[in-house]
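See structure below.
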Amino acid sequence: MERRSFLTRAWKTGAGFLAGAGAWTSWDLLRPRNAAGFNAKIRTVSPDTVPANTVLEIPEARAYLTKINDEIVALSEVCSHLGCRVPFCDSSGQFECPCHGSFFNRAGDLQGGPAPRGMDRFKIEIVDGVIEIDTAERESGAPPGTVTINEPPRGPPCTEGGHGA
Amino acid sequence: MTLMERVRETTVGRSIFRIPDRVTERDKAAGHWASFLLHIYPVKVRRIELTFNYSAFLGVASLVLFGSLLVSGIYLMFFYVPSPASAYGNIQAIQTEVPFGQYIRNVHRWSAHLMVIAVAAHMARVFYRGAYKSPKEFNWVIGVLLLVVTLLLSFTGYLLPWDQLAYWAVTVGTAMASYVPLVGDQVKELLLGGPSVGSATLVRFYVLHVAVLPLALVGLVTIHLWRWRKDSMLTLDPDKGTVKDVRPGVLVSTPADPVVTNGKRILGVVPGKPAAGDRKELSDDDPVMVWPHLLVRHAVAALVVLFLVLLISLSFDAPLKEIANPTVTPNPEKAPWYFAALQELLAHYHPLVAGVLVPTGIVVGLMALPYMDRNPLFTPQARRIARLTFTAFLVLWIVLTLIGFAFRGPNWGWVWPWVEWHGEL
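Residue numbers (my numbering), protein chains in the order written: chain A, 1244 to 1408; chain B, 3 to 427.
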């Protein structure tokens, strides 16, 4: 190899390494660490207080507790579509997302709208008679078409005002 | 002798202006190529480029609005700390305690909206003129990047007031990134600085908004203007390059530069035909001096734009909703109007399609446009298909934007705009 082409190749390789190092440093520098307070285990309520016909909101965990077929589940209140908070509508007995109109039944099964899957669930554990929601252990929602419970809307939807409008 | 001429003749003036004496055409042109500020302009442009119909002065309007945003933004920075604990209160203080604070915030907000409109309209005007064609293909690509940076600037600024409007629009906007295949979640977390919008997000968006993106925009604008200067000189007809000083419509004979006859320069007045030629009507393609003809028109356009900003800012206050609340999503939750079309699509299609493929397709498609359109002709008659396709997309996008902005209410249901809900700017 000629001296000139060797030097050219050498400085280009060097510049490439420098760019790579810069990208790696920036990535590592800006990559988020786990935020405090979230991704944590959150102690909530006694299993007896979880309702079977409606939901109980646990704001610290950004989750709802409810009983589905005698089993307690914790549903993430963050919409599986684009991250809006999904409120529970008492009159229809369903979750209705205000952002793009996705709606879910009480078990978090997708009933309609653009969301790609049902509502995500958190792992729960009962420790000393209290439900503990592990917000780090998130299980993706069921695919569309899943029927965990058969609960058609029991009344009109909450399209008018209601949740923080 | 005008005042400026006197100033240029002083010792200090002569040190500032590289060409202090401006007698001949060449001296006047040197006003451009010897001055830093003026050499962003070409020395001459085709006469048609002076007309309103040619450009509607939308490019210069975009630049003026960016200037207005820089100035008003710097004022706002003195009163704003990007932390969830203080941001909202700072904005309230700007509106209520800082003298002219509300006005400055209005100027910033409305200039941002107007800039999005001006940049988009500039792009459409350039398209209909066919001005993306050779040799200007690459400058069109830079223009597409400028549109993207403009939208990103607007979007990052949207979070800073830390109100409900800001918090949820950014929650939805960044959630779209998570649908990018393979790296989506990492990209989203990198943007947010955590799993959801929080204090890290506010700082990140602030840094992007006041430093990274404005620098990127200035860099791209520099290239954009430099290419405009270089490319417009290429479009000048070299055979017409001898045209002298011009008022629109009429060529006026002026003292000629030294003429060479029989190998000798004639420096005195000689009888015979004027060397500059006879009076004649100028055609659209004849070159004219940018200074003063185009410069004066740009100054007027800038004044009109700034006056418009002033008028809107005195008439309408920028919105500020309740403080951001992660536990309550407003209903309806609306994206800023320039993303309303995307939000409408998101309500119908999978987020990978509506949130990732469509926007990427639009940007890549626009960039590829000058390389796909091989038609060398510029006249509207010769560009029927191109114009029809572009118009169809433009109309579709405007209709989707209108639907998303004005016809959607709670739970993204259909509402007539006069009934109840409408979008917030």
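Built from N, CA and C at the ideal position, the CB exists for glycine as well.
Closer than 9 Å at the C-beta level to chain A, one finds these residues of the stretch 351-384 of chain B: Tyr351, His352, Pro353, Leu354, Ala356, Gly357. Every alpha helix (DSSP H) of 4 residues or more that sits fully in the stretch 341-385 of chain B is shown, in chain order, as 342-348, 360-374.
Sixteen is the threshold: when 16 or more other Cβ atoms of the shown chains lie within 10 Å of the Cβ of serine 64 (chain B), as they do, the residue is buried.
In this structure glutamine 97 (chain B) is not in contact with lysine 323 (chain B), their Cβ atoms being roughly 13 Å apart against a cut-off of 8 Å. At a cut-off of 8 Å between C-beta atoms, arginine 1274 (chain A) counts as an interface residue with respect to chain B.
Lysine 46 (chain B) is positioned such that its CB atom lies closer than 8 Å to that of valine 290 (chain B).
For alanine 304 (chain B), the enclosing alpha helix (DSSP H) covers residues 297-317. A contact is defined here as three or more CB-CB pairs under 8 Å, and the stretch 124-132 of chain B fails this definition with respect to the stretch 94-108 of chain B. Excluding its 5 nearest sequence neighbours in each direction, arginine 10 (chain B) has C-beta neighbours in its own chain below 6 Å: Phe19, Pro22, listed in chain order.
Rounded to whole angstroms, the Cβ separation of alanine 320 (chain B) and asparagine 92 (chain B) is 14 Å, and the two are not in contact under 8 Å. Cβ atoms of glycine 103 (chain B) and phenylalanine 80 (chain B) stay farther apart than 8 Å, at about 10 Å. For glutamate 1339 (chain A), the chain B residues whose Cβ falls inside 7 Å of its Cβ are Asn413, in order along the chain. Remark: three or more beta-carbon pairs, one from each stretch, lie closer than 8 Å, so the stretch 193-207 of chain B and the stretch 152-164 of chain B are flagged as touching. When CB distances to chain B are screened at a threshold of 7 Å, the residues of the stretch 1320-1333 of chain A falling below it are His1324, Leu1325, Gly1326, Cys1327, Arg1328, in chain order. One finds Ala349, Asn413, Trp414, Gly415 in chain B with Cβ atoms closer than 8 Å to the Cβ of glycine 1344 (chain A), taken in chain order. Taken in chain order, the complete beta strand (DSSP E) segments of 3 residues or longer contained in the stretch 11-85 of chain B are 46-48.
Each of B:Ala388, B:Trp293, B:Ala337, B:Phe341 was checked against the Cα of alanine 171 (chain B), and the nearest Cα belongs to B:Ala337.
The beta carbon of glycine 406 (chain B) is closer than 7 Å to those of Ala342, Ala343, Gln345, Glu346 in its chain, skipping five residues each way along the sequence. Between the C-alpha atoms of glutamate 51 (chain B) and leucine 296 (chain B) there is a straight-line separation of about 8 Å. Listed by position along chain A, the residues whose Cβ is nearer than 9 Å to that of leucine 192 (chain B) are Trp1270, Leu1273, Arg1274, Pro1275. A Cβ of chain A is located within less than 8 Å of the beta carbon of alanine 177 (chain B).
Contacts with chain B at 8 Å (Cβ-Cβ) include proline 1302 (chain A). Residues of chain B with a Cβ closer than 7 Å to the Cβ of proline 1359 (chain A) are, in chain order, His352, Pro353.
Along the stretch 320-347 of chain B, the positions whose C-beta sits under 8 Å from a C-beta of chain A are Asn327, Pro328, Thr329, Val330, Thr331, Pro332, Asn333, Pro334, Glu335, Gln345, read in chain order. Neighbours of tryptophan 170 (chain B) in chain A, taken as residues whose beta carbon is under 7 Å from its own, are Cys1327 in chain order. In this structure, the CA atom of tyrosine 373 (chain B) is about 46 Å from the CA atom of arginine 1381 (chain A). With respect to the 8 Å criterion, glycine 1326 (chain A) and valine 174 (chain B) are classified as neighbours on the basis of their beta carbons. For lysine 1310 (chain A), the enclosing beta strand (DSSP E) starts and ends at 1306-1311.
For glycine 1355 (chain A), the enclosing beta strand (DSSP E) has its first and last residue at 1353-1355. By the Cβ-count criterion, phenylalanine 54 (chain B) is exposed, with fewer than 16 other Cβ atoms from all chains shown falling within 10 Å of its own Cβ.
With 16 or more other Cβ atoms from the protein chains shown falling within 10 Å of its own Cβ, phenylalanine 1331 (chain A) counts as buried. Looking from the CA of histidine 352 (chain B), the closest CA among A:Pro1359, A:Leu1308, A:Ala1264 belongs to A:Pro1359. Under the three-state reduction of DSSP output, lysine 135 (chain B) falls in the coil class, being neither helix nor strand. Rounded to the nearest whole angstrom, the C-alpha separation of serine 88 (chain B) and phenylalanine 309 (chain B) is 33 Å. In the three-state reduction of the DSSP assignment, tryptophan 416 (chain B) falls in the strand class. With respect to the C-alpha of aspartate 287 (chain B), the residue from B:Thr237, B:Arg299, B:Met6 having the closest C-alpha is B:Thr237.
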